[in-house]
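Peer 1: Take a look at this one; I'll ask things after.
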């Protein structure tokens, strides 16, 4: 059964009345609570009554204990009574304070005054008791004590006065508590009656009000319902006309406003529908265009994917957490992971374990916009393939953002092959160094030996020209190798203590004779404040100075060349020195100055012609100066001379060692001139001369070494492999070993290590034996060769070509025996350094200049040296060719390059240049670990060897006729 609105309103009113009744009952409950609170107040008064009773009891106890104190004869008992009295007095004080706090809360001033009156009486009692009674009792003055404690005594009167005030206070408190209880009960009765009447009247009023208004509400609701039904049918013209002046009228007015708004909204909606239809048509066109754009994006992504998949490099993208989100086909090829397996995985899985933490930390720094060593520049790193193998890679990393998140994209290249190419390039440079220095060793060594003999004037001129050309060629070789090492970043400085003045003066002295030959003056100017004892690389500093001074002399016709050294700045530990090389030459244009320090560049001197050189000297100077922490520049104008300047930063030597370094330099110069005035022709090995063991597999190099040692006053034995070295040392005592590093069977490195192991075993049996000095001789002059020799147990390192003065200095250092030939070697070296370059080239099967150089070594009364060497070449050549062919057939690459290396050195000695070239090609094959193509080269070798034999026969016939 559905209830009408009227009945619903009646029910609502009745519910309201019930709730109102509940409120009334709650009011009654609140009244009861108030009564309870009054009881609590009353109980509080009773507490005060209890406090007063406790005070009275405590006062009584004090009074009784005082009397016991007076009657006691024991001092200990009196002491106990006094302590008990003190405790009770404290209790009385505490109870009074508690009472006053309670009264302060209730605000009963009469009771407070009564308590204050008691306090006065109490204080008087305590004063009489503590001040007079107890002291008299302790002194056993019984009469006076009795006078105070008798019924009419002062103590008894004070006690009665205090007790009376307590009794009065207690009676007042009880009376007040009873009165408050009566008042509370009367208030409760009145409030209860009033509340009941209020509830009854409220209920009656509510019922009447509900009946009246329910009728009116029902009538209005029916009118609204009818109008709302018409509006629901679409008639928005319906309006209500109600004039009641209450909420019903407001409802009607709101209904009228609503219908008006609905009418306006209907009209607006129709208009908007028309607009929506127009917008839908435009949206359809936009959707079609967007679909076309999506198709274009997908096509672009497909093209991007095809491009990224077509490159060999790995292209990888990761989010800010390092999670991989893009993976191209190159990455799959390099790392071995499929795209579906690696997406969503951390990018650190692509790195070995030891690099992961540092790489992740770098990515986090880059995300925070901090500087990161991985961002914006290629780095060398190691990657980890799926099969857990490591490989070298180059990573170029960039960041990009999308919204608030940072992403990383990287291009990764597998540089395994490039590393191998670099290694092969270094090996090639080392091989070129070895191949160039081996024949240079023979040429320069023979020239040095010739200059130490008695020569005719034209022979001396030829020999000096040969020496100068060899020195220039050696300088070119050194420039090329230095530049290669600089470009590879493998040129390190050799830091030592040195005297700056010695280095500057030596550089000027090396070109002094050349300058005087042109009528130029050479001057050195070193400021007094420039420190003498410094730490740096003196050889590289000398190289830069010598290059600049030599250029200045070559391009200056008249005037002078001045070398200056000034102090630019200094600290307690270091000094920056500025060097200047000033000439009065032809000058350099501004255009030429701009490219002067570039590799393979020379400033044009049309008036002087081309003076030779590789164009690497100034480029090497620039790199060396930068390596030493400085800078280099030039100041010049055509016709006004040139000033080359550079700065170098040096460490200072400790004050205690700097003078010692200068003294040592002066001592070395004095020792260098030891033997001045002796006849070079008389410098043969005297009886008892030191004996040196020479280990060299090249016959010509052996001959040069023996001749140099003879000139220096040494006796020598020669062996051609490492095993022979060990055998010779076991059978004879030597002062030193000159060890070639590249020898067959057992090379110099392993031979030196074996010698040191043998010496260690011998020293354990016979302590105190000094190890034999081992000096390496090698045609390889690459970075790390010296360290490798020292690591193998050798004492020092002598690169080929070996100069006589260098060999003398080396033996003087380790053996202690020098000869006057050192002076001749020094002079010849200086002459070579001052001589302009010249060269000899021949396209014939035999290099005639090589045979001419050998003839200059011929000594009077000795067998024909050239004929002996040619005969030795003829005898060894067939055996060497057969050995090469056998090595090629059995694919023994190591034997191939070792035999070819020896054959090449022998061919260079007699000038068989074609044979030398073929042997060099065979050696390169063997060093690369292959024999592929060796048989074809051997066919060419047979042809070249036949031509060389014929040419040697013709040369022998011509010599015989002469």
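Numbering (this note's numbering), first residue to last: -19 to 942. Note that beta-carbon positions come from the ideal geometry of N, C-alpha and C, so glycine has one too. This one's a predicted model, so the numbers in the text were calculated from it and none came from an experiment.
Would you check if the distance between the CB atom of residue 565 and the CB atom of residue 532 is smaller than 8 Å?
Peer 2: Yes, these two residues count as a Cβ contact at 8 Å.
Peer 1: Which same chain residues end up closer than 8 Å to residue 146 when comparing Cβ atoms and leaving out the 5 residues on each side of it in sequence?
Peer 2: Once the five neighbours on either side are set aside, the close Cβ partners of residue 146 are 32, 35, 36, 39, 98.
Peer 1: Can you give the beta carbon distance from residue 130 to residue 124, rounded, assuming they're within the 8 Å contact cut?
Peer 2: Not quite, the Cβ-Cβ distance comes to about 11 Å (not below 8 Å), so this is no contact.
Peer 1: Would you call the CB atoms of residue 483 and residue 520 closer than 8 Å?
Peer 2: Against a cut-off of 8 Å, the Cβ pair of residue 520 and residue 483 comes out as no contact.
Peer 1: Tell me which residue opens and which closes the beta strand (DSSP E) that residue 475 is part of.
Peer 2: Counting along the chain, residue 475 falls outside any beta strand (DSSP E), and DSSP gives it neither H nor E.
Peer 1: Alpha carbon to alpha carbon, what distance is there between residue 844 and residue 835?
Peer 2: Distance between the alpha carbons of residue 835 and residue 844: 8 Å.
Peer 1: Taking residue 62 as the reference, give the member of 92, 110, 170, 860 with the closest Cα.
Peer 2: Taking only the C-alpha atoms, the option nearest residue 62 is 110.
Peer 1: Helix, strand or coil for residue 626? Go by DSSP, reduced to three states.
Peer 2: Residue state, collapsed to three classes: strand.
Peer 1: If you drop the 5 nearest sequence neighbours on each side, which residues of the same chain put their C-beta closer than 7 Å to that of residue 220?
Peer 2: These residues qualify, in order along the chain: 203, 204, 207, 232, 235, 236.
Peer 1: In this structure, does DSSP put residue 753 in helix, strand or coil?
Peer 2: Coil at residue 753, not helix or strand.
Peer 1: Considering Cα atoms alone, identify which of 921, 369, 604 is closest to residue 865.
Peer 2: Looking at the Cα atoms, 921 is the closest of the given residues.
Peer 1: Using DSSP with H/G/I as helix, E/B as strand and the rest coil, what is residue 544?
Peer 2: If DSSP states are grouped into helix, strand and coil, residue 544 belongs with the strands.
Peer 1: Using only the alpha-carbon positions, how far apart do residue 568 and residue 557 sit?
Peer 2: C-alpha separation (whole angstroms): 25 Å.
Peer 1: Got a sec? Which residues, its chain only, sit under 8 Å from residue 650 by beta carbon, not counting five neighbours each side?
Peer 2: Residue confidence is low: residue 650 scores 30 on pLDDT, short of 50, so the model does not pin down where it sits. No coordinate-derived value is stated.
Peer 1: Return the chain-ordered ranges of every alpha helix (DSSP H) run that is complete within the segment 178 to 221 and spans a minimum of 4 residues.
Peer 2: Taking only runs of at least 4 residues, no alpha helix (DSSP H) segment lies wholly in the segment 178 to 221.
Peer 1: Report buried or exposed for residue 780, applying the criterion of at least 16 other Cβ atoms within 10 angstroms of its Cβ.
Peer 2: Residue 780 is buried by the Cβ-count criterion.
Peer 1: Can you tell me whether residue 494 is buried or exposed? The criterion is at least 16 other CB atoms within 10 Å of its CB, across all chains shown.
Peer 2: Result: buried.
Peer 1: Residue 388 to residue 365, Cα distance in whole Å?
Peer 2: Their backbone Cα atoms lie some 20 Å apart in a straight line.
Peer 1: Where does residue 51 fall in DSSP's three states?
Peer 2: Helix, per DSSP.
Peer 1: Compute the beta-carbon to beta-carbon distance between residue 684 and residue 426, rounded to the nearest angstrom, for a pair I have assumed lies under 8 Å.
Peer 2: Between residue 426 and residue 684 the Cβ distance is about 6 Å, and since that is below 8 Å, they are a contact.
Peer 1: Please classify residue 923 as buried or exposed, where buried requires at least 16 other C-beta atoms within 10 Å of its C-beta.
Peer 2: That one is exposed.
Peer 1: Tell me which same chain residues have a C-beta within less than 6 Å of the C-beta of residue 509, skipping the five on either side of it?
Peer 2: Cβ within range, chain order: 547.
Peer 1: Using beta-carbon positions only, say whether residue 363 and residue 327 come within less than 8 Å of one another.
Peer 2: No; because the gap between Cβ atoms is not below 8 Å, this pair is not in contact.
Peer 1: Locate the alpha helix (DSSP H) running through residue 890, then write down its first and last residues.
Peer 2: Residues 873 to 890.
Peer 1: Among all the DSSP beta bridges, which residues are the ones paired with residue 705?
Peer 2: Looking at the DSSP assignment, residue 705 forms no beta bridge with any residue, so it has no partner.
Peer 1: On the three-state DSSP scale, how would you describe residue 117?
Peer 2: Helix.
Peer 1: At what residue ranges does the segment 305 to 330 contain a whole run of the alpha helix (DSSP H), taking only runs of 4 or more?
Peer 2: Qualifying alpha helix (DSSP H) stretches, in chain order: 309 to 315, 319 to 322.
Peer 1: What does the alpha-carbon distance come out to for the pair residue 948 and residue 59?
Peer 2: Here the chain has residues from -19 to 942 only, and residue 948 is not among them.
Peer 1: Rounded to whole angstroms, what is the Cα-Cα separation between residue -6 and residue 166?
Peer 2: About 34 Å.
Peer 1: Using C-beta distances below 7 Å, list every residue in its chain close to residue 230, excluding the 5 sequence neighbours before and after it, in chain order.
Peer 2: Answer for residue 230: no residue qualifies.
Peer 1: Taking buried to mean at least 16 other C-beta atoms within 10 Å of its own C-beta, is residue 488 buried or exposed?
Peer 2: Buried, since its Cβ has 16 or more Cβ neighbours within 10 Å.
Peer 1: Just checking my contact of residue 911 with residue 860 at CB under 8 Å: how many whole Å lie between their CB atoms?
Peer 2: Residue 911 to residue 860, Cβ: 16 Å. No contact.
Peer 1: Count the other CB atoms within 10 Å of the CB of residue -2; is the residue buried (16 or more) or exposed (fewer)?
Peer 2: Counting Cβ neighbours within 10 Å, residue -2 comes out exposed, since fewer than 16 surround it.
Peer 1: Specify the secondary structure class of residue 960 as computed by DSSP and reduced to three states.
Peer 2: The chain is shown only over -19 to 942; residue 960 falls outside these bounds and no answer can be derived.
Peer 1: By how many angstroms is the C-alpha of residue 418 removed from the C-alpha of residue 689?
Peer 2: Rounded to whole angstroms, residue 689 to residue 418 spans 18 Å at the Cα level.
Peer 1: What is the rounded straight-line gap between the Cα of residue 1003 and the Cα of residue 46?
Peer 2: Outside the modelled stretch of the chain, which goes from -19 to 942, sits residue 1003, for which no answer is possible.
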